[in-house]
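Peer 1:
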Amino acid sequence: AQSVTQPDARVTVSEGASLQLRCKYSYSATPYLFWYVQYPRQGLQLLLKYYSGDPVVQGVNSFEAEFSKSNSSFHLQKASVHWSDSAVYFCALTLNNNNAPRFGAGTKLSVKP
Amino acid sequence: GPKVLQIPSHQIIDMGQMVTLNCDPVSNHLYFYWYKQILGQQMEFLVNFYNGKVMEKSKLFKDQFSVERPDGSYFTLKIQPTALEDSAVYFCASSSQANTEVFFGKGTRLTVV
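As you go down the protein sequences, you meet chains H and S in turn.
Note that the first sequence covers residues 1 to 113 in my numbering.
Note that the second sequence covers residues 1001 to 1113 in my numbering.
Listed below in structure tokens is the structure:
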């Protein structure tokens, strides 16, 4: 069965610092991969997605992610974080048989001023 | 952007009673989902629904759970009877196609007492 692992439950960085949130997946083929963000008392909002092609995908708010087939990873990155980036970030995948997105456990990002 | 509306935002119900959670998905979307989130933790997949049928469901989708979307109206999740462990935030989501961006509502916080 497919699965998504986010090894870091919490990450704290200073404002202006760079960020990487890790995501590993387990699936024999290449899934469709997503990063979502959840602000307090809100639903999830899509940051970016990867289907195929260029392994580096750009998303909203200067986020980007890099797909690595060899590492089965899809890490989220941002060059310089802002305090408003504090939220919970979820990595997700779907398969090519039209199943529903499956989410990792989430990483809570805290940005210190 | 497209919005998924969930009604009500909070619901308190006595254990053993029936509850119906309502979702108004994005108007031209065809795929519908319910997820369960406890204490801001992992977004757990419950069920997805397409063309009037349950397409897949997880083991969390107990026999007491049911979904329907009669005549293109609300997409509903019914729990009958409720149990204490059903207390959680339930998120409805929808998408226009499989494996594309899924749009989430803000959730309904269900408290079973």
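Glycine included, every Cβ here is placed at the ideal spot set by N, Cα and C.
Evaluate Leu1084 (chain S) with the Cβ neighbour count: other Cβ atoms within 10 Å of its Cβ, from every protein chain shown; 16 or more gives buried, anything less gives exposed.
Peer 2: Taking the second sequence and counting its residues from 1, the one referred to as residue 1084 (chain S) is at position 84. That one is exposed.
Peer 1: Nearest-angstrom Cα distance between Ala91 (chain H) and Asn99 (chain H)?
Peer 2: Numbered from its first residue, the first sequence carries residue 91 (chain H) at position 91. Numbered from its first residue, the first sequence carries residue 99 (chain H) at position 99. Note that residue 91 (chain H) corresponds to Cys in the displayed sequence, not to Ala. Whole-angstrom Cα-Cα distance: 16 angstroms.
Peer 1: So, for Ser1087 (chain S): in the same chain, excluding its five sequence neighbours on each side, which residues have a beta-carbon less than 7 angstroms away from its beta-carbon?
Peer 2: Stepping through the second sequence from its first residue, residue 1087 (chain S) is reached at position 87. Closer than 7 angstroms at Cβ, skipping near neighbours: Leu1110, Thr1111, Val1112.
Peer 1: Figure out for me which residue from S:Asp1014, S:Asn1099, S:Met1043 has the closest Cα to the Cα of Pro1081 (chain S).
Peer 2: Position 81 of the second sequence, counted from the start, is the residue given in the question as residue 1081 (chain S). It is S:Asp1014 whose Cα lies nearest to the Cα of Pro1081 (chain S).
Peer 1: Within its chain, find whatever has a CB closer than 8 angstroms to the CB of Tyr32 (chain H); leave out the 5 residues flanking it on each side and keep chain order.
Peer 2: Indexing the first sequence from 1 puts residue 32 (chain H) at position 32. For Tyr32 (chain H), where only same-chain residues beyond five positions count, the Cβ hits under 8 angstroms are Lys49, Tyr50, Tyr51, Leu93, Thr94, Leu95, Asn96.
Peer 1: Which same chain residues, not among the five before or five after Lys1078 (chain S), have their C-beta less than 6 angstroms away from its C-beta?
Peer 2: For the purposes of this step, residue 1078 (chain S) is identified with residue 78 of the second sequence, where counting begins at 1. Closer than 6 angstroms at Cβ, skipping near neighbours: Thr1020, Ser1066.
Peer 1: Do you know offhand how far Val111 (chain H)'s Cα is from Gly1072 (chain S)'s?
Peer 2: Mapped onto the first sequence, residue 111 (chain H) falls at position 111. Mapped onto the second sequence, residue 1072 (chain S) falls at position 72. Computed Cα separation, rounded: 43 angstroms.
Peer 1: In chain order, what residues of the same chain lie with their CB nearer than 6 angstroms to the CB of Arg10 (chain H), ignoring the 5 residues before and after it?
Peer 2: Sequence index remark: in the first sequence, residue 10 (chain H) carries index 10 (1-based). Here the set comprises Lys108.
Peer 1: Less than 8 angstroms between the C-beta atoms of Ser26 (chain H) and Ser3 (chain H), yes or no?
Peer 2: Taking the first residue of the first sequence as position 1, residue 26 (chain H) is located at position 26. Taking the first residue of the first sequence as position 1, residue 3 (chain H) is located at position 3. Yes.
Peer 1: Rounded to whole angstroms, what's the CA-CA distance from Arg1069 (chain S) to Asp1024 (chain S)? Just pull it up for me.
Peer 2: Stepping through the second sequence from its first residue, residue 1069 (chain S) is reached at position 69. Stepping through the second sequence from its first residue, residue 1024 (chain S) is reached at position 24. Rounded to the nearest angstrom, the two C-alpha atoms are 10 angstroms apart.
Peer 1: Establish whether the CB of Lys49 (chain H) and some CB of chain A are separated by less than 8 angstroms.
Peer 2: In the structure shown, chain A cannot be found, because the protein chains are H and S.
Peer 1: Just reading off the beta strand (DSSP E) that Tyr1050 (chain S) is part of, what are its end residues?
Peer 2: In the second sequence, counting from the first residue as 1, residue 1050 (chain S) sits at position 50. Per DSSP, Tyr1050 (chain S) belongs to the beta strand (DSSP E) from 1043–1050.
Peer 1: Give me the DSSP bridge partner(s) of Ile1013 (chain S).
Peer 2: The residue you call residue 1013 (chain S) lines up with position 13 of the second sequence. Paired residue(s): S:Val1112.
Peer 1: How long is the line joining the alpha carbons of Tyr1035 (chain S) and Tyr1074 (chain S), rounded to whole angstroms?
Peer 2: Within the second sequence, the letter at position 35 stands for residue 1035 (chain S). Within the second sequence, the letter at position 74 stands for residue 1074 (chain S). Their backbone Cα atoms lie some 16 angstroms apart in a straight line.
Peer 1: Go through its chain and collect everything with a Cβ distance to Gln55 (chain H)'s Cβ below 6 angstroms, but skip five positions before and after it.
Peer 2: Against the first sequence, residue 55 (chain H) aligns to sequence position 55. Contrary to the premise, residue 55 (chain H) reads as Pro rather than Gln in this sequence. Correct list, in chain order: Glu66, Phe67.
Peer 1: Give a yes or no on whether the C-beta atoms belonging to Met1043 (chain S) and Phe1103 (chain S) are separated by under 8 angstroms.
Peer 2: If you number the second sequence from 1, residue 1043 (chain S) lands on position 43. If you number the second sequence from 1, residue 1103 (chain S) lands on position 103. No.
Peer 1: Among H:Asn61, H:Gly43, H:Gln20, H:Gly53, which one has its Cα closest to the Cα of Ser84 (chain H)?
Peer 2: Indexing the first sequence from 1 puts residue 84 (chain H) at position 84. Ser84 (chain H) has its Cα closest to that of H:Asn61, out of H:Asn61, H:Gly43, H:Gln20, H:Gly53.
Peer 1: For Thr12 (chain H), which beta-bridge partners are listed by DSSP?
Peer 2: Here residue 12 (chain H) refers to the residue found at position 12 of the first sequence. In the DSSP output, where bridge partners are listed per residue, Thr12 (chain H) has H:Ser110.
Peer 1: Does DSSP put Val1089 (chain S) in a helix, a strand or coil?
Peer 2: Here the question's residue 1089 (chain S) lines up with position 89 in the second sequence. Strand at Val1089 (chain S).
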